[in-house]
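Participant: Sequences listed follow chains A and B, in order.
Everything in the first sequence is counted per the working numbering, starting at 53 for the first residue and increasing by one.
Everything in the second sequence is counted per the working numbering, starting at 20 for the first residue and increasing by one.
Can you read through this structure? Questions will come right after.
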Amino acid sequence: DAKTTQPNSMESNEEEPVHLPCNHSTISGTDYIHWYRQLPSQGPEYVIHGLTSNVNNRMASLAIAEDRKSSTLILHRATLRDAAVYYCILRDVLETSGSRLTFGEGTQLTVNP
Amino acid sequence: NAGVMQNPRHLVRRRGQEARLRCSPMKGHSHVYWYRQLPEEGLKFMVYLQKENIIDESGMPKERFSAEFPKEGPSILRIQQVVRGDSAAYFCASSPYSAGRETQYFGPGTRLLVL
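Spelled out as structure tokens, the structure:
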């Protein structure tokens with residue numbers, strides 16, 4: 053799987069937007085960009101994914117750069133419950149190995165009340 | 020629709036004993052993945068199974084670890100002769116298909132402590 057780079061930690065205030073960046077300069081044309089998060093003492097949870105176009109769902113938005121070498125996960129109004137480690141993961145749809153999730157170190161998001 | 024279920028949630032074993040971790044995928048999901056999270060470390064892929072088949076076990080330790088996903092019943096991750104270094108959280112995930120764009124749904128994990 054192509055490598056991703058994320059900041060180790062970020063801080064936000066409650067009810068403010070949060071922009072979590074991810075660099076993936078070696079992304080291939082068949083790599084999907086996935087975001088998962090892991091709340092304390094819980095299993096990972098799917099957040100969002102996309103290929104080329106920006107994506108929105110009830111949890112977040114995903115903004116993908118035009119050259120696809122970076123993306124940003126946007127939480128529109130952070131809550132205390134959003135405090136978690138956020139993982140940006142590339143998955144190749146054409147490879148069997150794309151079935152597995154390769155977790156990096158992720159970004160630890162702290163939300164201040 | 021119940022989510023991925025894992026049991027037990029916590030398991031304590033003494034060195035040399037066997038640990039059996041169970042995972043029931045979401046209804047309709049025939050693909051199961053096991054991941055391990057060592058203390059203060061990231062999640063690492065262990066094995067990917069479909070019903071009655073191991074598809075990718077490239078992340079499994081070569082000895083003492085085995086996994087199965089029988090035609091009927093849950094997927095089992097088995098650790099023989101446990102050692103202290105096996106203490107970790109073990110997460111199971113399932114998906115309906117194996118394609119790289121498919122979401123994986125994770126269970127709450129089994130936290131194994133080896134004394």
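Ideal Cβ placement from N, Cα and C applies to all residues, glycine included.
#1: Candidates A:Ile100, A:Ala117, A:Ile116: which alpha carbon is nearest Asn109 of chain A's?
#2: How would you write the range of the beta strand (DSSP E) that Ser114 of chain B sits in, first residue to last?
#3: Identify the residues that DSSP records as bridge partners of Val145 of chain A: which are they?
#4: Helix, strand or coil: which one does DSSP assign to Leu62 of chain B?
#5: Can you have a look at Tyr116 of chain B and say buried or exposed, based on whether 16 or more other CB atoms are within 10 angstroms of its CB?
#6: Consult DSSP for Arg130 of chain B and reduce its assignment to one of helix, strand or coil.
#7: Between the beta-carbon of Cys140 of chain A and the beta-carbon of Gln58 of chain A, is there less than 9 Å?
#8: For the segment 89–109 of chain A, which residues have a CB atom closer than 9 Å to at least one CB atom of chain B, in sequence order?
#9: On a Cα-Cα basis, can you pick out the residue from A:Asn164, A:Gly95, A:Val137, A:Ser122 that is closest to Tyr84 of chain A?
#10: Of all the options A:Ala117, A:Gly95, A:Glu67, A:Leu127, which has the alpha carbon lying nearest to the alpha carbon of Asn75 of chain A?
#11: Ordered along the chain, which non-local residues of its own chain (more than five positions away) have a Cβ less than 6 Å from that of Ser61 of chain A?
#12: Give me the Cα-Cα distance between Ser93 of chain A and Val66 of chain B, rounded to the nearest whole angstrom.
#13: Taking DSSP as the reference, what is the three-state secondary structure of Leu68 of chain B?
#14: Which residues in the same chain have their Cβ closer than 6 Å to the Cβ of Asn164 of chain A, if we skip the five residues on either side of it in sequence?
#15: In its own chain, which residues sit with a C-beta less than 6 Å from the C-beta of Met98 of chain A, not counting the 5 before and 5 after it?
#16: Is it buried or exposed for Arg129 of chain A, if we count other Cβ within 10 angstroms and need 16 for buried?
#17: May I have the straight-line CA-CA distance separating Val31 of chain B from Ser85 of chain B, to the nearest angstrom?
#18: How long is the line joining the alpha carbons of Arg143 of chain A and Arg152 of chain A, rounded to whole angstroms?
#19: For a contact meaning CB atoms closer than 8 Å, what does Thr129 of chain B contact in chain A?
#20: How far does the beta strand (DSSP E) with Pro73 of chain A in it reach, from first residue to last?
#21: Output, in sequence order along the chain, the residues in the segment 71–83 of chain B whose CB is closer than 9 Å to any CB in chain A.
#22: So, under 8 Å CB-CB, Pro93 of chain B and Ser43 of chain B are touching, yes? Tell me the CB distance rounded to an integer number of Å.
#23: Could you list which residues in chain A have their beta carbon closer than 9 Å to that of Phe125 of chain B, in chain order?
#24: Of all the CB atoms in chain A, is at least one closer than 9 Å to the CB of Phe110 of chain B?
Facilitator: By the coordinates alone:
#1: Within the first sequence, the letter at position 57 stands for residue 109 of chain A. Among A:Ile100, A:Ala117, A:Ile116, the Cα nearest to that of Asn109 of chain A belongs to A:Ile100.
#2: Working through the second sequence from its first residue, we reach residue 114 of chain B at position 95. Unbroken beta strand (DSSP E) run through Ser114 of chain B: 107–114.
#3: Working through the first sequence from its first residue, we reach residue 145 of chain A at position 93. Val145 of chain A is not bridged to any residue.
#4: In the second sequence, the residue the question calls residue 62 of chain B occupies position 43. Annotated three-state conformation of Leu62 of chain B is strand, per DSSP.
#5: As a working mapping, residue 116 of chain B is identified with position 97 in the second sequence. So Tyr116 of chain B counts as exposed.
#6: By 1-based counting over the second sequence, the position of residue 130 of chain B is 111. It is a strand residue.
#7: Counted from its first residue, the first sequence places residue 140 of chain A at position 88. Counted from its first residue, the first sequence places residue 58 of chain A at position 6. Taking 9 Å as the Cβ cut-off, Cys140 of chain A and Gln58 of chain A qualify as a contacting pair.
#8: Gln90, Ser93, Gln94, Gly95, Pro96, Glu97, Tyr98, His101, Leu103
#9: To locate residue 84 of chain A, count along the first sequence from 1; it is residue 32. Tyr84 of chain A has its Cα closest to that of A:Ser122, out of A:Asn164, A:Gly95, A:Val137, A:Ser122.
#10: By 1-based counting over the first sequence, the position of residue 75 of chain A is 23. Asn75 of chain A has its Cα closest to that of A:Ala117, out of A:Ala117, A:Gly95, A:Glu67, A:Leu127.
#11: By one-based count along the first sequence, residue 61 of chain A stands at place 9. Closer than 6 Å at the Cβ level, and outside the excluded window around Ser61 of chain A, lie Gln160.
#12: Walking along the first sequence from the start, residue 93 of chain A turns up at place 41. Walking along the second sequence from the start, residue 66 of chain B turns up at place 47. Going from the Cα of Ser93 of chain A to the Cα of Val66 of chain B covers about 22 Å.
#13: As a position in the second sequence, residue 68 of chain B is number 49, starting the count at 1. Note: Leu68 of chain B maps to strand in three-state DSSP.
#14: For the purposes of this step, residue 164 of chain A is taken as the residue at position 112 of the first sequence. Closer than 6 Å at Cβ, skipping near neighbours: Asn65.
#15: Reading the first sequence from its first residue, position 46 is the one you call residue 98 of chain A. For the record, residue 98 of chain A in the displayed sequence is Tyr; it is not Met. Result list for Tyr98 of chain A: Tyr88, in chain order.
#16: The count along the first sequence starts at 1 and reaches residue 129 of chain A at position 77. Answer is exposed; the Cβ neighbour count stays below 16.
#17: For the purposes of this step, residue 31 of chain B is taken as residue 12 along the second sequence, with counting starting at 1. For the purposes of this step, residue 85 of chain B is taken as residue 66 along the second sequence, with counting starting at 1. If I take the Cα positions, the gap works out to 19 Å.
#18: Residue 143 of chain A sits at position 91 when you count from the first residue of the first sequence. Residue 152 of chain A sits at position 100 when you count from the first residue of the first sequence. In a straight line, the C-alpha of Arg143 of chain A is about 8 Å away from that of Arg152 of chain A.
#19: Taking the second sequence and counting its residues from 1, the one referred to as residue 129 of chain B is at position 110. Residues of chain A passing the Cβ test: none, with the nearest at roughly 10 Å.
#20: Your numbering for residue 73 of chain A matches position 21 in the first sequence. Counting along the chain, the beta strand (DSSP E) containing Pro73 of chain A begins and ends at 70–75.
#21: Ile74, Asp75, Ser77, Gly78
#22: Taking the second sequence and counting its residues from 1, one reaches residue 93 of chain B at position 74. Taking the second sequence and counting its residues from 1, one reaches residue 43 of chain B at position 24. That pair is a contact at about 5 Å.
#23: The sequence position of residue 125 of chain B within the second sequence is 106, counting from 1. Within chain A, the residues near Phe125 of chain B are Tyr88, Gln90, Gln94, Gly95, Pro96, Glu97, Tyr98.
#24: One-based indexing of the second sequence puts residue 110 of chain B at position 91. It does; some Cβ of chain A falls within 9 Å.
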